[in-house]
Amino acid sequence: MDDKVTQHQQELALLIERFAEADGVHSTAIPLLHFIRASSKGEPIYSLHEPALCIVAQGSKLVMLAQENYQYDPSHYLVVSVDLPIAGQIIEASPHSPYLCLRLDFDRNLILDIISKSDQEWIKKGDSQRGLFVSKTNSLLLEAVLRLVRLLDTPKDIPVLAPLMIREIFYRVLNNEQGNRLKQIALLGSQTERIAKVISLIKQAFAEPLRIEQLATAVNMSASSLHHHFKEVTAMSPLQYQKQLRLQEARRLMLSESADAANAGFQVGYESPSQFSREYARMFGLPPISEIKRFRGN
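The opening position of the sequence shown corresponds to residue 1 in this note's numbering, with each subsequent residue numbered one higher.
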């Protein structure tokens with residue numbers, strides 16, 4: 001990184017550390033902005049990652065999507081453009097040099113509005129690429145991010161200035177080396193925009209049997225085209241995507257709401273306890289009953 005980028009990263013780290021004094025995820029007075037702090041490396045955390053920009057000021061993190069790995073650090077930022085079931089693992093952090101990151105959420109309408117009011121070039125509707133990417137950090141992006149974070153010291157300015165600064169941040173992302181990947185989600189009728197609709201439909205009824213033909217009809221695609229483009233965007237098939245949603249929700253029910261394994265599996269759509277146990281162990285490394293015991297022991 002050049003000196004300017006390094007200087008910006010150092011200032012950003014100090015700001016995040018000031019507003020996030022303890023480990024965890026911290027909301028801020030800017031509704032879309034969150035800070036993450038961790039003082040040690042950790043095990044993978046499974047979640048459904050909604051569309052967001054993630055910028056690391058200190059430390060490093062590994063994100064796993066299906067069989068793919070993406071690492072980001074102060075030299076690189078992460079963009080997730082559609083809802084994706086991922087596993088995130090902090091791989092560089094210590095009490096003296098904690099992992100410090102900001103997450104800025106966004107939606108398709110923001111990207112669409114920025115493109116429509118700028119000289120951005122539209123991409124071809126037939127294109128579809130992964131809904132997650134890592135790109136190189138630059139000083140223009142960091143300067144815009146710093147202006148946004150500094151607003152936390154003047155809360156009265158947030159309602160007027162924060163929306164303008166958020167627009168600038170995503171304008172910078174759209175103009176960066178992989179900006180086309182983000183443009184796809186905003187283009188009405190693009191394959192990525194259709195897949196985003198399919199994702200929404202699967203999320204709404206993930207415990208119900210998956211009917212590919214119905215999903216394809218809902219977005220005016222053939223079943224084969226849906227399967228192809230879904231895998232291009234998410235790195236998995238619609239069935240694999242649904243399975244990850246089911247297993248993540250079952251895990252949450254067991255670990256957060258003390259549901260037993262059989263009931264958790266049933267609630268997320270599994271009729272066979274043995275199938276649920278097998279698929280759970282394949283994803284998380286332990287059968288559900290064993291993981292509950294380990295969790296409670298810890």
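The beta carbon of each residue, even a glycine, is placed where N, CA and C say it ideally should be.
Asked                                                                                                                       : Found
Burial state of residue 203, where buried means 16 or more other Cβ atoms lie within 10 Å                                   : exposed
C-alpha distance - residue 106 paired with residue 265, whole-angstrom precision                                            : 32 Å
Beta-carbon proximity check, residue 84 vs residue 132, cutoff 8 Å                                                          : yes
For residue 223, three-class secondary structure by DSSP                                                                    : helix
The segment 47 to 59 contacting the segment 148 to 162, beta-carbon criterion three pairs below 8 Å                         : no
Residues near residue 185 by beta carbon distance below 8 Å, same chain, minus five either side                             : 51, 81, 82, 108, 111, 131, 192, 193, 196
When 115, 253, 246, 35 are compared against residue 13, the one with the closest alpha-carbon                               : 35
Reference residue 287, options 260, 70, 41, 242, closest by Cα                                                              : 260
Proximity below 8 Å, CB of residue 135 to CB of residue 99                                                                  : no
Buried or exposed by the 16-neighbour rule on C-beta atoms within 10 Å, applied to residue 230                              : buried
Distance between residue 145 and residue 166 (C-alpha atoms, nearest Å)                                                     : 8 Å
Neighbourhood of residue 95 by C-beta distance below 6 Å, restricted to the same chain and skipping five residues each side : 39
Bounding residues of the beta strand (DSSP E) (the contiguous stretch that carries residue 64)                              : 60 to 65
Alpha helix (DSSP H) runs contained entirely in the segment 208 to 254, provided each spans 4 or more residues              : 212 to 218, 223 to 234
Buried or exposed (CB count within 10 angstroms, at least 16 for buried), residue 205                                       : exposed
Sufficient close CB pairs (3 or more, under 8 Å) joining the segment 276 to 285 to the segment 235 to 250                   : yes
Element boundaries [alpha helix (DSSP H), containing residue 96]                                                            : Here residue 96 belongs to no alpha helix (DSSP H), and DSSP marks it neither H nor E.
Residue 211 classed as buried or exposed, judged by whether at least 16 other C-beta atoms fall within 10 angstroms         : exposed
Whole-Å CB distance - residue 91 paired with residue 61, under 8 Å assumed                                                  : 6 Å
Same chain only: Cβ atoms within 7 Å of residue 68, ignoring 5 sequence neighbours per side                                 : 235
Residues that residue 49 bridges to, as DSSP identifies them                                                                : 84
Bridge partners - residue 71, DSSP secondary structure assignment                                                           : 62
Neighbour-count burial assignment, residue 170, 16 or more Cβ in a 10 Å radius                                              : buried
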